[in-house]
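Structure, as structure tokens:
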Amino acid sequence: MRENAIICISREFGSGGRDLGDHLGEMLGIPVYGKELIAKVAQKSDMSEEYVRNHEENPAYSHIFGVPLGHPAPGVSYDEIMTPEKLFYIQSEIIQQIAKEEKSCVFVGRCADIILQSYENCYAFFIHAPMDYRIERIMRSENVTKKQAKKMVKQTDWERSAYHDYYTGIKWGHPSNYNLVINTAKTGIERAARVIAEYIK
Numbered sequence: 003m004r005e006n007a008i009i010c011i012s013r014e015f016g017s018g019g020r021d022l023g024d025h026l027g028e029m030l031g032i033p034v035y036g037k038e039l040i041a042k043v044a045q046k047s048d049m050s051e052e053y054v055r056n057h058e059e060n061p062a063y064s065h066i067f068g069v070p071l072g073h074p075a076p077g078v079s080y081d082e083i084m085t086p087e088k089l090f091y092i093q094s095e096i097i098q099q100i101a102k103e104e105k106s107c108v109f110v111g112r113c114a115d116i117i118l119q120s121y122e123n124c125y126a127f128f129i130h131a132p133m134d135y136r137i138e139r140i141m142r143s144e145n146v147t148k149k150q151a152k153k154m155v156k157q158t159d160w161e162r163s164a165y166h167d168y169y170t171g172i173k174w175g176h177p178s179n180y181n182l183v184i185n186t187a188k189t190g191i192e193r194a195a196r197v198i199a200e201y202i203k
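According to this note's numbering, the sequence shown is numbered sequentially starting from 3.
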């Protein structure tokens, strides 16, 4: 593998992007950051991990969580309010810091592909699969009905797309924005990981 390779994985919900990231990290012997960033963001923002978890990749960018932007409660200054924009900025700083400190690593989601796009050693991959395939995976992993799984897939995809497009100004999932687009329904997780590993050699 090429030295100092930063691998950024964007993924449709249910496509197995997180599993792929974990498998790739294990195969290459490098750390994987996705939900692992929650604790770091919580510490730096002085918010609870639950708070960060509930609002990560959240498209409610037009409001301070529950408070219309520009209208803080009486007696509360704007600087004291944790807005989605501030949370995204903190997360971006942490992602950049990790990218500089780690020789190689994998980021799953969190707009890392755009945050780190100026890094010469950054590789971006988009993981997708047909709707039926993703619904079946979510039904098994979350133990939900087909109707519930379909709703979860559509809602989460919309949230990720809205979040990504708003904060980056770049369309989520558009093939021209990635080194490779991989259909895991065709490749499976292990083969997809091997394809990425071979690409960054």
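Even glycine gets a Cβ: it sits at the ideal position worked out from N, Cα and C.
- Look at Asn145 here: in three-state DSSP terms it is coil, with no helix or strand label.
- Take His130, set aside five residues on each side of it, and the residues of its chain with a beta-carbon closer than 8 Å to its own are Arg13, Glu14, Ser17, Gly175, Val183, Ile184, Asn185 and Thr186, in chain order.
- Boundaries of the alpha helix (DSSP H) harbouring Phe90: Pro86 to Glu103, taken from the DSSP string.
- A straight-line Cα-Cα distance of about 11 Å links Lys149 and Lys156.
- Apart from sequence neighbours up to five positions away, the residues of its chain that approach Gln98 with a beta-carbon distance below 8 Å are Ile117 and Leu118, ordered along the chain.
- Counting along the chain, the unbroken beta strand (DSSP E) around Leu182 starts and ends at Leu182 to Asn185.
- Each residue's CA atom was taken as its position, placing Ile137 and Ala7 some 32 Å apart.
- Under DSSP, the beta-bridge partners assigned to Phe127 are Ile11 and Leu182.
- Residues Cys10 and Tyr35 of the same chain have their beta carbon placed closer than 6 Å to that of Phe109, with the five preceding and five following residues left out of the count.
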